[in-house]
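Read through the structure below, which is laid out as structure tokens, and then see the notes.
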Amino acid sequence: PPFPPSRVEQALAAEQDPTKAPLFSRIFYEKGASVNRMVATHLGWDSWDRALGQHLRAHLWSNPTVEDFVSSLNGAFLDAGGPSSLDAMLPWLRRPGFPVVTLEATRTGTGSTLVVSQAPMSKYLPAAERGVPWWIPLRVDCDGMEPFVLQLNTSSASVRLNSSSRGFCVGDPSFLGMFVVRYASTAMWDRRISSAANHFVQTPDYARELVFHGFLLAGLSHEPVSVLARLISAMSPQLAALPNVGGYAGSGDLYSMIMDRALPVFSVLQSAGPAASTAADELGTAVRRLVAPLAARLGWSNTPMPFSSEQAHGSTPWPHHEDPRTEARDQNVIRPLALLNAVVYGDSDAISQSLVTFRSRSSGPGDQAACFAASRYGSDVDRLLLIERLNSPVACDLSVLFGLSAGATNDISCDDGLQAVRQCAVSPAAAVAALTDLSLIHISEPTRLLSISYAVFCLKKKKTPTPLYTHLHITSLS
14 PPFPPSRVEQ ALAAEQDPTK APLFSRIFYE KGASVNRMVA THLGWDSWDR
64 ALGQHLRAHL WSNPTVEDFV SSLNGAFLDA GGPSSLDAML PWLRRPGFPV
114 VTLEATRTGT GSTLVVSQAP MSKYLPAAER GVPWWIPLRV DCDGMEPFVL
164 QLNTSSASVR LNSSSRGFCV GDPSFLGMFV VRYASTAMWD RRISSAANHF
214 VQTPDYAREL VFHGFLLAGL SHEPVSVLAR LISAMSPQLA ALPNVGGYAG
264 SGDLYSMIMD RALPVFSVLQ SAGPAASTAA DELGTAVRRL VAPLAARLGW
314 SNTPMPFSSE QAHGSTPWPH HEDPRTEARD QNVIRPLALL NAVVYGDSDA
364 ISQSLVTFRS RSSGPGDQAA CFAASRYGSD VDRLLLIERL NSPVACDLSV
414 LFGLSAGATN DISCDDGLQA VRQCAVSPAA AVAALTDLSL IHISEPTRLL
464 SISYAVFCLK KKKTPTPLYT HLHITSLS
């Protein structure tokens, strides 16, 4: 049955640090749906449907509990050679978080052994929760062997591979599990990345999920940023080759996901100084090579919307093909983000065009990129023009506000940026919201650990001249 990858992404993203999950959140729906899909795929959909039918008949006109539902699956679990359904499923539904699974292949003189281990994705779970394993139905594909399923319900297990296998294995190749797989060796990662890149056109969701998992692993320090950078670099030529940006088969969705998730990571790495400079350079170079061709392709003017009298649904009450305006609409949506990212990551062509656009006082989808470039890479005259535009009779221009604050690079420009924030926002919360699309929310509810039961955002000027843009993204991650 169709199950959009975005639902699993929402569950994994929200649960990567379950100590911060709000009380009323879609995680309760997305995680439950993802676990059920994982179990149904493992048991087989026919077995799942039969067990579900028996459950409904056994509890007519009653209010069954979660335990009742899980118990109805016990026969199917035993038939599949697994533990009892209660032992397998209740930890997924009662415990916070999800596991990260590590695959490591070791070679000896007589063959190869695959070692599989699991650990919580979040490093902030209570100590009592960290050592308790999940039941994991892990499908494994190894070269030279038939695919097999390893039911892992301990912290680690090993499998002897046959003599024809070279130890190149992929875990959960179809991304059907409520867990993330990583690889202990660079060679295994490279094999996984090249496979996704080589089959990108046929299975774009495969590549999207792998990149998404890369962000999760790097974000919680399970993998170095270099793995994420290699993933993005491998996808760049494949994305650029797709003919469309919009629509079901377009590249816009994956471009947007990478740009949205990369910028906070890049900002944190930059703020860490020399210790993280290599990682920041690797990620910055990878994203620049990704977004620069997209920015050049889209240009600096909105795409005209084509006129079409044809209805997408024709003679049926539902659409049977895409709206002919989809491509133009999606290009116009992603264009400002692409132009800004090309400038932020230092693409020279985008920076040059941004300064030309700013100095010509042109208005369009590249306003934010132009103001950022004027502040970060422009002359003193450009900065004075920004301040002049901010002080014009028109209400505060958010693109100018963004440029002055986010583009600051030294004490003087930081003072200008902070003054712009004070001038345009009636409160610190409004200032942060104007620059990062965040709202200041005071949160306290019983699902949070006491130490993090309150969340606040702070805006603080440091003595060391660091771009204000970096400070704002750090607060958005905290």
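Counting from 14, one number per residue, gives the positions in the sequence shown under my numbering. Where is the CB? At the ideal position from N, CA and C, for every residue including glycine.
Quick check on the DSSP output: the alpha helix (DSSP H) that includes Thr291 runs from which residue to which?
For this step, residue 291 is matched to residue 278 along the sequence shown. From DSSP, the alpha helix (DSSP H) with Thr291 extends over Ser290 to Leu311.
Straight-line CA distance for Gly379 to Thr78?
Here the question's residue 379 lines up with position 366 in the sequence shown. Here the question's residue 78 lines up with position 65 in the sequence shown. If you take the alpha carbons of Gly379 and Thr78, they lie about 54 Å apart.
Helix or strand or just coil, what does DSSP make of Ser130?
As a first step, residue 130 is located in the sequence shown; it is residue number 117 there, counting from the start. Strand at Ser130.
The segment 208 to 220 contacting the segment 132 to 142, beta-carbon criterion three pairs below 8 Å:
no
Cβ neighbour criterion (16 or more within 10 Å) applied to Leu499
Residue 499 lies beyond the stretch modelled for the chain, which goes from 14 to 491, so this question has no answer here.
Taking only runs of the alpha helix (DSSP H) that begin and end inside the segment 144 to 228, which ones reach a length of at least 4 residues, in chain order?
199 to 211
Would Val238 and Val193 qualify as a contact pair, given that the criterion is a beta-carbon distance under 8 Å?
Position 225 of the sequence shown, counting from 1, holds the residue named residue 238. Position 180 of the sequence shown, counting from 1, holds the residue named residue 193. No, the pair does not count as a contact, with Cβ atoms beyond the cut-off.
Tyr261, buried or exposed, once every other Cβ within 10 Å from all chains shown has been counted against 16:
Residue numbering aside, residue 261 sits at position 248 when the sequence shown is read from its first letter. Label assigned to Tyr261: exposed.
Output needed for Ser198: all residues of its chain with C-beta closer than 8 Å, excluding positions within five of it in sequence on either side, in chain order.
Residue 198 sits at position 185 when you count from the first residue of the sequence shown. Excluding positions up to five away in sequence, the list reads Glu117 and Ala118.
Per DSSP, Val113 is paired with what?
By one-based count along the sequence shown, residue 113 stands at place 100. Bridge partners of Val113: Ala132 and Val193.
Closest by CA to Leu103, which one among Arg396, Val114, Asn87 and Val113?
Here residue 103 corresponds to residue number 90 of the sequence shown, with the count starting at 1. The residue with the shortest Cα to Cα distance from Leu103 is Asn87.
By how many angstroms is the C-alpha of Val240 removed from the C-alpha of Ser426?
Within the sequence shown, numbered from 1, the residue matching residue 426 stands at position 413. Within the sequence shown, numbered from 1, the residue matching residue 240 stands at position 227. Whole-angstrom Cα-Cα distance: 35 Å.
In terms of residue numbering, what span does the alpha helix (DSSP H) encompassing Ser418 cover?
Translated into the one-based positions of the sequence shown, residue 418 becomes position 405. Element bounds for Ser418: Leu411 to Ala419.
Taking 6 Å as the limit between beta carbons, can you name the residues of its chain near Thr54, skipping five residues before and five after?
The residue given as residue 54 occupies position 41 in the sequence shown. Correct list, in chain order: Leu189.
Name the DSSP bridge partner or partners of Ser125?
Position 112 of the sequence shown, counting from 1, holds the residue named residue 125. Answer by DSSP bridge pairing, in chain order: Arg120 and Leu174.
Classify Gly57: buried if its beta carbon has 16 or more other beta carbons within 10 angstroms, exposed otherwise.
Position 44 of the sequence shown, counted from the start, is the residue given in the question as residue 57. The residue is exposed, with fewer than 16 neighbouring Cβ atoms inside 10 Å.
Rounded C-beta distance between Leu163 and Val153? I'm assuming under 8 Å.
For the purposes of this step, residue 163 is taken as residue 150 along the sequence shown, with counting starting at 1. For the purposes of this step, residue 153 is taken as residue 140 along the sequence shown, with counting starting at 1. With 8 Å as the limit, Leu163 and Val153 qualify as a contact, their Cβ atoms being about 6 Å apart.
Within the continuous alpha helix (DSSP H) that includes Arg274, where are the two ends?
Taking the first residue of the sequence shown as 1, we reach residue 274 at position 261. Arg274 -> alpha helix (DSSP H) spans Gly265 to Ser284.
Backbone secondary structure at Glu401 - three-state DSSP
Here residue 401 refers to the residue found at position 388 of the sequence shown. Three-state result, Glu401: helix.
Chain-order list of residues whose beta-carbon lies under 8 Å from that of Gln131 (same chain, five-residue window excluded):
For the purposes of this step, residue 131 is taken as the residue at position 118 of the sequence shown. Contacts found: Pro112, Val113, Val114, Thr115, Pro146, Trp147, Ile149, Leu165, Ser168, Ser169 and Phe192.
Per DSSP, what kind of secondary structure is Glu43 in: helix, strand or coil?
In the sequence shown, the residue the question calls residue 43 occupies position 30. Note: Glu43 maps to helix in three-state DSSP.
Flag this pair as touching only if the segment 334 to 351 and the segment 281 to 294 have three or more C-beta atom pairs under 8 Å; answer yes or no.
no
Can you tell me where the alpha helix (DSSP H) with Asn354 in it begins and where it stops?
Position 341 of the sequence shown holds residue 354. Run containing Asn354: Thr339 to Val357, per the alpha helix (DSSP H) assignment.
With Gly66 as the anchor, note down where its alpha helix (DSSP H) starts and where it stops.
Mapped onto the sequence shown, residue 66 falls at position 53. Where Gly66 is concerned, the enclosing alpha helix (DSSP H) stretches over Trp58 to Ala71.
Run of the alpha helix (DSSP H) containing Ala363, from where it starts to where it stops
Within the sequence shown, numbered from 1, the residue matching residue 363 stands at position 350. Ala363 -> alpha helix (DSSP H) spans Ser361 to Arg372.
Determine the direct distance from the alpha carbon of Ser361 to that of Glu236, and round the result to whole angstroms.
Within the sequence shown, numbered from 1, the residue matching residue 236 stands at position 223. Within the sequence shown, numbered from 1, the residue matching residue 361 stands at position 348. Whole-angstrom Cα-Cα distance: 30 Å.
Closest residue to Asp343 among Val304, Gly263, Ala387 and Ala305 (Cα-Cα distance):
Position 330 of the sequence shown, counted from the start, is the residue given in the question as residue 343. When only C-alpha atoms are compared, the closest one is Gly263.
In angstroms with no decimal places, state the Cα-to-Cα distance between Ala93 and Asp100.
By one-based count along the sequence shown, residue 93 stands at place 80. By one-based count along the sequence shown, residue 100 stands at place 87. Cα-Cα distance, rounded: 14 Å.
For Ala351, which residues from the same chain have a beta carbon less than 8 Å from its beta carbon, with the 5 sequence-adjacent residues on both sides left out?
Position 338 of the sequence shown holds residue 351. If we look at Ala351 and ignore the five residues flanking it on each side, its Cβ neighbours are Tyr268, Met272, Val304, Leu307, Ala308 and Leu311.
Classify Tyr42 as buried or exposed, calling it buried when 16 or more other Cβ atoms lie within 10 Å of its own Cβ.
By 1-based counting over the sequence shown, the position of residue 42 is 29. Flag for Tyr42 reads exposed.
For Arg402, is the classification buried or exposed, using 16 other Cβ atoms within 10 angstroms of its Cβ as the cut-off for buried?
For the purposes of this step, residue 402 is identified with residue 389 of the sequence shown, where counting begins at 1. Burial call: buried.
Nearest candidate by alpha-carbon position, reference Ser373, set Val356, Tyr390, Gly359 and Asp395:
One-based indexing of the sequence shown puts residue 373 at position 360. Closest option to Ser373, Cα to Cα, is Asp395.
Straight-line Cα distance separating His68 from Ser75:
Here residue 75 is taken as the residue at index 62 of the sequence shown, counted from 1. Here residue 68 is taken as the residue at index 55 of the sequence shown, counted from 1. Distance between the alpha carbons of Ser75 and His68: 11 Å.
Within 10 Å of its beta-carbon, does Ser125 have 16 or more other beta-carbons around it, so buried, or fewer, so exposed?
Position 112 of the sequence shown, counted from the first residue, corresponds to residue 125. Classification of Ser125: buried, given that the 10 Å Cβ count is 16 or more.
Does the separation of the CB atoms of Cys384 and Gly416 fall below 8 Å?
If you number the sequence shown from 1, residue 384 lands on position 371. If you number the sequence shown from 1, residue 416 lands on position 403. A contact, by the Cβ cut-off of 8 Å.
Measuring alpha carbon to alpha carbon, tell me which residue in Ile206, Leu230 and Leu276 is nearest Ser249.
Mapped onto the sequence shown, residue 249 falls at position 236. Ranking the options by Cα distance to Ser249, first place goes to Ile206.
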